[in-house]
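Worksheet: one structure, shown below.
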Amino acid sequence: MSTDTRRPDEPAVPGRPAEDSPGRGTLDRRPSECVIVGGGLHGIHVAAKLLEETEIDHGQLRIVDLNHRLATNFRAKATQCGMESMRSSSLDHVGVHPLELELFAARRNRTDELFETDDYPPRPSLSLFLDHVDHVVDRYDLDDLHVRARVTALRESDDRVVVETDEGTLDAHRCVLAIGHGNRYTRPSWTTALDGSAVDHVWDRSFDLDHWGRVVVVGGGVTAAQTALSLSERGADVTLLARSGLTERTIEADQRWQRWNHIEQTLHGHPPGHRARLRRISRARYDGTVPSYLLRDIEAAVAENELSVVDGDVLRARDDHESGVRLAVTDGRCLRADHIALATGFESPFDHPFVERVAAAEELVRGEAGMPVLDDRTLAWTRPDGVSSSIHVVGALAMGSVGPFAGNVIGARLAAAQLVDALSLRESGSSAVAVEQPAGF
Ligand SMILES: Cc1cc2nc3c(=O)[nH]c(=O)nc-3n(C[C@H](O)[C@H](O)[C@H](O)COP(=O)(O)OP(=O)(O)OC[C@H]3O[C@@H](n4cnc5c(N)ncnc54)[C@H](O)[C@@H]3O)c2cc1C
Numbered sequence: 216m217s218t219d220t221r222r223p224d225e226p227a228v229p230g231r232p233a234e235d236s237p238g239r240g241t242l243d244r245r246p247s248e249c250v251i252v253g254g255g256l257h258g259i260h261v262a263a264k265l266l267e268e269t270e271i272d273h274g275q276l277r278i279v280d281l282n283h284r285l286a287t288n289f290r291a292k293a294t295q296c297g298m299e300s301m302r303s304s305s306l307d308h309v310g311v312h313p314l315e316l317e318l319f320a321a322r323r324n325r326t327d328e329l330f331e332t333d334d335y336p337p338r339p340s341l342s343l344f345l346d347h348v349d350h351v352v353d354r355y356d357l358d359d360l361h362v363r364a365r366v367t368a369l370r371e372s373d374d375r376v377v378v379e380t381d382e383g384t385l386d387a388h389r390c391v392l393a394i395g396h397g398n399r400y401t402r403p404s405w406t407t408a409l410d411g412s413a414v415d416h417v418w419d420r421s422f423d424l425d426h427w428g429r430v431v432v433v434g435g436g437v438t439a440a441q442t443a444l445s446l447s448e449r450g451a452d453v454t455l456l457a458r459s460g461l462t463e464r465t466i467e468a469d470q471r472w473q474r475w476n477h478i479e480q481t482l483h484g485h486p487p488g489h490r491a492r493l494r495r496i497s498r499a500r501y502d503g504t505v506p507s508y509l510l511r512d513i514e515a516a517v518a519e520n521e522l523s524v525v526d527g528d529v530l531r532a533r534d535d536h537e538s539g540v541r542l543a544v545t546d547g548r549c550l551r552a553d554h555i556a557l558a559t560g561f562e563s564p565f566d567h568p569f570v571e572r573v574a575a576a577e578e579l580v581r582g583e584a585g586m587p588v589l590d591d592r593t594l595a596w597t598r599p600d601g602v603s604s605s606i607h608v609v610g611a612l613a614m615g616s617v618g619p620f621a622g623n624v625i626g627a628r629l630a631a632a633q634l635v636d637a638l639s640l641r642e643s644g645s646s647a648v649a650v651e652q653p654a655g656f
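Structure (structure tokens):
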């Protein structure tokens, strides 16, 4: 596993690209076929898939990411909450061939890192999954494509997208936005009453599993459960505060949403950008749920008095410098803590300032809650005349077309399969197709 200790969003030398980066100094302005903005799990899978299954060759592709290393965000977040295995199955990985993670494990005598799961394919250890990510990066020489820079703006000009970065400008025929959730974390309003040093989101840089006394972990999902267990294993006095208690679910939504034909039938019948799509997705998602293997561990820790679980929400929070934080909870209890660890998820990617800027500059259409209006088939962001732009969207930002698993690894696989067709269509000279405009906001 990696020994890189740098935090997310931290370039090799702050503010400058790394020595060996193609982003160093003046960027190569010769237009490439495709620039992928974002080198997380989604950007990596899209790159591998395009190199493997389209005519785009290595010299015609770029991945722009401000981090020193590809997949930094996921690596850091998973490590930060003490995660040991993936929730998703061994079929969900960033390689191209569906069974390649299993094969990767078998060839390295690591099949004991594929854990049996009730009524679901086995899931890999985090370490196996991440080693396979590195393997895919090496196999397709993706580090050589990595431009270490922050994209500040996108502009369409003639048949090109101009990608402006803090290190210079790149030109491409197509751009794929794979920017993830955008690292903005949800903080309940009651936290504003507290001293900032007493509250961390578990993905804040300041959060440290090893520096706790009495801690309340807030949240009812997999990150909350994993963080509570990790803290308690390190000797902290942990209370897990879950608004509706802990609910068991194997994965984050009904498995049928992992098939494109189900997404087409169930989601695409509603106009792109329409609120009915978001309603359908939110009904389909099992947010704030915990898989059985974690729930059993939580129950065992509760039985051993190693942690407690409280069902409820915070009514009021108060900071008392003598006795720490006091939380008045809906069930009438008062919880005391030295620290609060928020495992309360991400803010919507739809209104991320970068997304707002790109949409405004190019007049790209947005629907309910700012959701990008995409051509469902090609995931190209739509212009007001209904014609596709050269900017394609994957990941959580493409949820309106890819469905409830859009931000997950399987969502990357679903989206990349669409992109292969879309970018191949371009090569055979097909023209952009107008899509139905959103209605009824
Ligand atoms: C703890 C944890 C556990 C998870 N477990 C699972 C699981 O078991 N199974 C599963 O399927 N999913 C899981 N997920 C969900 C999902 O797979 C991840 O969130 C996934 O990492 C999202 O990848 P991404 O590439 O879309 O986003 P990110 O990993 O956030 O990558 C986006 C990249 O874009 C870059 N970027 C953004 N804006 C710019 C810009 N303007 N210029 C340059 N670069 C930019 C960022 O630097 C970043 O590297 C988990 C998530 C977390 C946090």
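Numbered by this note's numbering, the letters in the sequence shown go through residues 216 to 656 in order. The beta carbon of each residue, even a glycine, is placed where N, CA and C say it ideally should be. Here the structure is a predicted model, which means the values were calculated and not measured.
query                                                                                                                    : result
Pick from Ser-603, Asp-553, Ala-595 that is closest to Ala-631, judged by C-alpha positions                              : Ala-595
Assumed close pair Gly-582, Gly-503 - CB separation to whole angstroms, cut-off 8 Å                                      : About 25 Å separates the two Cβ atoms, so there is no contact after all.
Residues near Pro-336 in its chain [Cβ-Cβ closer than 8 Å; skip 5 each side]                                             : Ser-304, Ser-305, Leu-306
CB contact flag (Ile-271, Gly-258, <7 Å)                                                                                 : no
Three-way DSSP call (helix, strand, coil) for Val-433 in this model                                                      : strand
Pair within 7 Å by beta-carbon distance, Ala-387 and Ser-247                                                             : yes
Straight-line gap, Leu-446 to Ala-558 (C-alpha atoms, nearest Å)                                                         : 13 Å
Selection from Met-586, Leu-638, Arg-244, Glu-521 that minimises the alpha carbon distance to Leu-444                    : Glu-521
Exposed unless 16 or more other CB atoms sit within 10 angstroms - verdict on Thr-332                                    : buried
Collapsed DSSP secondary structure at Asp-553 in the structure displayed                                                 : coil
Environment of His-273 [buried if 16+ CB atoms lie within 10 Å]                                                          : exposed
Per-residue DSSP class, three states only, for Asp-636                                                                   : helix
Where the alpha helix (DSSP H) through Tyr-508 begins and ends                                                           : 507 to 518
For Cys-249 and Ser-639, the rounded distance between their alpha carbons                                                : 12 Å
Ser-303 Cβ short of 6 Å to ligand 1 heavy atom set                                                                       : yes
Complete runs of the beta strand (DSSP E) confined to the region 296 to 384 [at least 3 residues]                        : 329 to 332, 335 to 339, 361 to 363, 366 to 372, 375 to 380
Continuous beta strand (DSSP E) stretch holding Gly-539: start and end                                                   : 539 to 544
DSSP state of Pro-587 mapped onto helix, strand, coil                                                                    : strand
Residues of its chain near Thr-269, where Cβ-Cβ distance is below 8 Å and the 5 sequence neighbours each way are ignored : Val-635, Leu-638, Ser-639, Glu-642
Thr-465 classed as buried or exposed, judged by whether at least 16 other C-beta atoms fall within 10 angstroms          : buried
Residue range of the unbroken alpha helix (DSSP H) whose run includes Val-497                                            : Sequence inspection shows Ser at residue 497; the Val mentioned does not correspond to that position. Its alpha helix (DSSP H) spans residues 490 to 499.
Helix, strand or coil at Arg-449 [DSSP, three-state]                                                                     : coil
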